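Engineer: When the letters of the sequence shown are read in order and numbered with our numbering, they come out as residues -16 to 102.
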Amino acid sequence: MGDPAERKPAYDPQQLEPLLVSRQHAGDVDGMTALFEPDAVIDCGDGRSLRGREAIRSYYAEIAASGRKFAVGEQRRALVCGDLALTSTRLPDGDVTSEVARRQVDGSWLWVIDRYSVT
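Quick look at the structure:
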């Protein structure tokens, strides 16, 4: 699902979270995976850590198959320092996500580290 030609890159790190949620709600697993650098790391919050797009894609495919939808939370303003940005969202259940994004050569942003919950 989701035509790669129609996927817009994030040119502001603030766009990553809304893109992830909208693509997840649309069932676009490849689009979700495309928001991460090739060797990105995810802490799933359940004791699992994943590295690389293949593992991330499998994880998101599991979530999509389960029918679970990501909640829309209160996104915090990204902290940007050069080519790095810290993004964060407070979810409705009180959990807080934290992610590190890196500016790419073309000016777009991709996540390199994603921690589901810091609480």
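Glycine is no exception: its CB is placed at the ideal position from the N, C-alpha and C atoms. Values in this document were obtained by computation on a predicted structure and should not be read as measured data.
In the structure shown, what three-state DSSP assignment does P(-4) receive?
Structural biologist: Three-state DSSP puts P(-4) in a helix.
Engineer: Can you tell which of P(-8), L(-1) and D22 has its C-alpha closest to the C-alpha of T80?
Structural biologist: It is L(-1).
Engineer: Grab me the residues of G90's own chain with a C-beta within less than 7 Å of its C-beta, minus the 5 sequence neighbours each way, in chain order.
Structural biologist: Y(-6), listed in sequence order.
Engineer: Round the Cβ separation of P(-4) and A61 to the nearest angstrom and send it over; I've been treating them as touching at under 8 Å.
Structural biologist: Their Cβ separation, rounded to whole angstroms, is 4 Å, which keeps P(-4) and A61 in contact under 8 Å.
Engineer: How should V101 be labelled, buried or exposed, when 16 other C-beta atoms within 10 angstroms of its C-beta is the threshold for buried?
Structural biologist: It is exposed - the Cβ of V101 has fewer than 16 other Cβ atoms within 10 Å.
Engineer: Starting from A23, trace the beta strand (DSSP E) both ways and give me its first and last residue.
Structural biologist: Taken as a continuous stretch (DSSP letters only), the beta strand (DSSP E) holding A23 covers F19 to D26.
Engineer: Along the chain, where does the beta strand (DSSP E) that runs through R98 open and close?
Structural biologist: Per DSSP, R98 belongs to the beta strand (DSSP E) from W92 to R98.
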